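So that you can map any letter, position 59 of the sequence shown is 59 in UniProt numbering, and since no number is skipped, the others follow by simple counting. All C-beta atoms, glycine included, are put in the ideal place defined by N, C-alpha and C. Quick caveat: nothing in here was measured; it's all calculated off a predicted structure.
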Amino acid sequence: MLAGAAVVVAGVLSDRLRRTKPFVLGAPLLLAIGLVPLLAAPGLVTDLVFFAVVGLTLGIYLSVDQALMVAVLPDHGRAARDLGVLSIGSTLPAVVAPTVGGVLAASAGYLAVFVAALVLAVAAAAAVLGIRSVR
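Quick look at the structure:
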């Protein structure tokens, strides 16, 4: 439910502000912030708050990521091919993550999975900082 509401709000704000980068940058940072309490004090309430943050960040990200991808395309004449390649980059982690997460959880525990998620969320935000051609 939060993802659905966040999609609408973030999409409208992005259109009004004519900016996508802050939303694509902010979503993984918000996710990283949401992971900290989960790592520090796991429990039912913390889990519920974390999953609410996940819904919120997913909605923010999904509302603007395609717009950012289209804006950074080098050649709009080959947009379909380039967006297909970018789509692999968005989809492949969702396919691979359950296996990698399962192996990591089995070998190092669930805490390691969430630490890895925190590191990857910060890395994702850092990658967005490298985009110079879009506001």
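How many angstroms separate the CA atom of V49 from the CA atom of G77?
In the sequence shown, residue 49 corresponds to position 49, counting from 1. In the sequence shown, residue 77 corresponds to position 77, counting from 1. Distance between the alpha carbons of V49 and G77 is about 44 angstroms.
Cutoff 7 angstroms; reference V24; Cβ partners in own chain excluding five residues on either side:
To locate residue 24, count along the sequence shown from 1; it is residue 24. Excluding positions up to five away in sequence, the list reads Y61, V64, D65, L68, V128.
Return the residue from the list L111, L118, A123 that minimises the CA-CA distance to G43.
For the purposes of this step, residue 43 is taken as residue 43 along the sequence shown, with counting starting at 1. It is L111.
Find out if the Cβ-Cβ distance for the pair A121, L58 is shorter than 8 angstroms.
Taking the first residue of the sequence shown as position 1, residue 121 is located at position 121. Taking the first residue of the sequence shown as position 1, residue 58 is located at position 58. No. Outside cutoff.
Using a Cβ-Cβ cut-off of 7 angstroms (strictly less than) and excluding sequence neighbours within five positions of A117, which residues of its own chain qualify?
For the purposes of this step, residue 117 is identified with residue 117 of the sequence shown, where counting begins at 1. If we look at A117 and ignore the five residues flanking it on each side, its Cβ neighbours are L35.
Helix, strand or coil for G89? Go by DSSP, reduced to three states.
Reading the sequence shown from its first residue, position 89 is the one you call residue 89. Of the three classes helix, strand and coil, the one that applies to G89 here is helix, per DSSP.
Using the Cβ count rule (16 or more neighbours within 10 Å means buried), how would you classify S107?
On the sequence shown, position 107 is the one that residue 107 refers to. S107 should be labelled exposed.
Rounded to a whole number of angstroms, what is the C-alpha to C-alpha distance between V8 and M1?
Residue mapping note: residue 8 aligns to position 8 of the sequence shown, counting from 1. Residue mapping note: residue 1 aligns to position 1 of the sequence shown, counting from 1. Straight-line Cα distance between these residues: approximately 11 angstroms.
Taking its Cβ as the centre, do 16 or more other Cβ atoms sit within 10 Å of P93, making it buried, or is it exposed?
As a working note, residue 93 is residue 93 in the sequence shown. So P93 counts as exposed.
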